[in-house]
Structures are given as structure tokens and as C-alpha cells.
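>
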Amino acid sequence: MNHFEQHSSTENQVVPPPLPIHQQKTTPSPTPTVKPNGDFCSEKIDDSHYNQIEDGNNRKKRRMENRNSCLRCLCCACCLPAWAAGIVWFIIIAIIIVIIVLATIAGTFVMPTVNMAGVSTSPVGGGSQITISGGTFNINFGLIISVNNPNMLSIDLTELSATAYYPNQNGKGHTKIGGGYLAEHFVPTYSNDNFTFPFAIKYNPALDTDQSVLNDLASKCGLTGEEKQDITVDYTIHLAAKVLFIKIRPTISSSATFPCPISSNGAIDGIGDGTLSGLD
Numbered sequence: 447m448n449h450f451e452q453h454s455s456t457e458n459q460v461v462p463p464p465l466p467i468h469q470q471k472t473t474p475s476p477t478p479t480v481k482p483n484g485d486f487c488s489e490k491i492d493d494s495h496y497n498q499i500e501d502g503n504n505r506k507k508r509r510m511e512n513r514n515s516c517l518r519c520l521c522c523a524c525c526l527p528a529w530a531a532g533i534v535w536f537i538i539i540a541i542i543i544v545i546i547v548l549a550t551i552a553g554t555f556v557m558p559t560v561n562m563a564g565v566s567t568s569p570v571g572g573g574s575q576i577t578i579s580g581g582t583f584n585i586n587f588g589l590i591i592s593v594n595n596p597n598m599l600s601i602d603l604t605e606l607s608a609t610a611y612y613p614n615q616n617g618k619g620h621t622k623i624g625g626g627y628l629a630e631h632f633v634p635t636y637s638n639d640n641f642t643f644p645f646a647i648k649y650n651p652a653l654d655t656d657q658s659v660l661n662d663l664a665s666k667c668g669l670t671g672e673e674k675q676d677i678t679v680d681y682t683i684h685l686a687a688k689v690l691f692i693k694i695r696p697t698i699s700s701s702a703t704f705p706c707p708i709s710s711n712g713a714i715d716g717i718g719d720g721t722l723s724g725l726d
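Sequence positions in the sequence shown follow my numbering and run 447 to 726.
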């Protein structure tokens with residue numbers, strides 16, 4: 447059969463009509479593959495691990511942000527106008543300088559020493575050394591207080607209050623016998639300052655019921671025929687010391703020794719007839 451005949455036969459063939467849609471053969475879809483449970487769990491683990499890393503990074507970031515807040519403030523100061531930035535930097539530098547100065551002072555500060563340097567037989571402000579009133583008498587004198595201040599800051603001493611005690615001869619206890627008071631005293635920087643603290647022995651028979659203090663004073667003054675001796679009294683001084691804005695309240699406890707102002711014949715300078723007749 448030649449080519450023409452083949453072509454004719456092909457044209458003469460009848461093509462069957464297409465089948466309805468519901469009768470057409472459908473190709474089954476491929477079965478979906480399900481991942482093993484192990485892979486699913488691994489994805490969960492990977493996600494949780496990633497979340498933990500992310501949370502850790504966020505916490506570190508927050509810590510770094512809090513830590514660098516001061517630096518961010520400094521950077522913000524640079525964004526201000528020139529005059530405002532100048533004020534901010536001036537305040538920052540001033541605060542730093544004040545902190546450095548205070549730290550230097552605190553690091554080099556040495557506690558001042560306060561000692562009793564002696565006794566002045568002349569009463570502070572003048573007047574008589576001994577005054578008598580009724581059955582009591584006062585022996586007025588001054589305690590010379592030495593304050594050594596090796597610091598670069600001055601010291602204000604205020605509310606200096608002293609109480610004197612006369613030691614009992616049996617060595618047990620003591621009897622309150624006077625004191626003194628000074629409102630204030632200024633101690634300069636780098637100084638070894640001495641000042642006189644007003645002090646008085648105030649004998650009161652009501653506090654010396656057995657007259658042991660009076661008898662000992664008479665003995666040490668030579669009024670009983672014995673050799674004249676110095677008088678020793680114990681004292682305690684309470685005061686307030688202020689340096690800058692810091693105030694401390696130290697206590698000084700010591701003793702003072704001074705010669706008896708009464709002569710062996712009972713004479714007293716500056717009092718009436720110069721005798722102790724006023725005590726009778």
C-alpha cells in the first residue's frame with residue numbers, strides 16, 4: 447500500500463467520542479508520606495533549644511542595656527544643644543570632682559587626739575579662785591586641753607560638758623564634786639591647739655555625808671599639820687566634734703592634778719579675811 451492509500455485509510459477511521467467525566471479513569475494521587483515520630487520530636491527539641499537560646503540572648507541584651515544606661519545618657523547629652531550639653535557635662539564633671547575630693551579626704555583623715563595638757567590656777571574670765579557660799583565652796587580653775595588636728599579640715603567643738611569626781615580614799619568609787627561647761631571652740635587645720643576649759647570643784651556637804659572629801663582636802667592643803675600635797679580629781683568631758691557635715695560625740699576621761707590654793711595657815715587669796723571661817 448502506498449502512501450496515499452495509508453493516508454486515506456487513516457482519514458476513514460472513526461474516532462470514538464470521549465467518555466463522560468464520571469467514567470474517565472482517574473490516576474490515583476500519590477500516598478502522602480508521614481515523617482517518623484523521631485523527626486517530629488527532634489523538630490520540637492530544636493525549636494525549644496532555639497527558644498532557650500533566644501531567651502538567653504534577650505536576657506543578656508537586657509542586662510547589657512541596663513549596664514550601659516549611663517553611657518547612653520552620655521551619648522544623649524551629645525545630642526543636646528551646645529549650651530545644654532555644656533551644662534550637663536559641667537554637672538557630671540563637678541559630681542566626679544566632689545566624689546574624688548571626698549574620697550581623698552576620707553582616705554587620708556586621721557582622728558584628732560585630745561589630751562589634758564595641764565591645769566591653770568587662774569579662773570577662766572578672771573575672778574577669785576575660791577568662792578564660798580553658806581556651807582559650800584568652789585575651787586575655780588581651768589583645764590588646759592590640747593587638740594592635735596593633722597587634717598586639712600577644721601574641727602568645730604561644741605557642747606563641751608565636764609563632770610568632776612573626787613576619788614574615795616578607800617579606793618572604792620568616787621564622789622561627784624563639780625564640773626564645767628564650754629559652749630564651743632574652733633580648732634584650725636593642721637594645728638596643735640591648746641585652750642582652757644573652765645572647771646570648778648564644787649564642794650557640797652549634802653554629797654559628802656561622812657566628810658571624807660572635806661577631810662582629805664584639808665589634809666592635802668596642810669590644814670591638819672601634814673605636808674601640803676597636790677589635789678587630784680577625775681573628770682569626764684562629753685563633747686560634739688563636727689567635720690564638714692559629719693558630727694561625732696567622743697568622750698574624754700582623765701584626771702587633773704593641781705596644787706591646793708589654800709595655804710597651810712588657812713589663808714585664801716581674794717576672800718574676805720582670807721580664812722575658811724565661812725564654812726563653820
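For glycine and all other residues, C-beta sits at the position ideal for the given N, C-alpha and C.
Specify the secondary structure class of residue 651 as computed by DSSP and reduced to three states.
In the structure shown, residue 651 sits in a helix (DSSP, three-state: H, G or I).
> Using only CA atoms, which one of 564, 575, 654, 644 lies nearest to residue 606?
The residue with the shortest Cα to Cα distance from residue 606 is 644.
> The beta strand (DSSP E) with residue 622 in it runs from where to where?
Residues 620-633.
> Using three-state DSSP, classify residue 571 as helix, strand or coil.
Three-state DSSP puts residue 571 in coil, outside helix and strand.
> According to DSSP, what are the bridge partners of residue 686?
DSSP, once it has assigned bridges, lists 604 as partnering residue 686.
> Using only CA atoms, which one of 680, 549, 593 lies nearest to residue 638?
Closest option to residue 638, Cα to Cα, is 593.
> Determine the closest residue to residue 630 out of 610, 675, 688, 659, with distance taken between C-alpha atoms.
Ranking 610, 675, 688, 659 by Cα distance to residue 630 puts 688 first.
> Identify whether residue 534 lies in helix, strand or coil by the three-state DSSP scheme.
It is helical.
> To the nearest whole angstrom, what separates the beta carbons of residue 678 and residue 701, a pair I think is in contact under 8 Å?
The Cβ separation is near 6 Å, so the contact holds.
> Among the candidates 551, 610, 691, 602, whose CA atom is the shortest distance from the CA of residue 632?
Measuring from the Cα of residue 632, the nearest candidate turns out to be 602.
> Could you round the C-beta distance between residue 599 and residue 565 to whole angstroms and report it? I think they count as a contact, below 8 Å.
Not confirmed; about 30 Å, so no contact.
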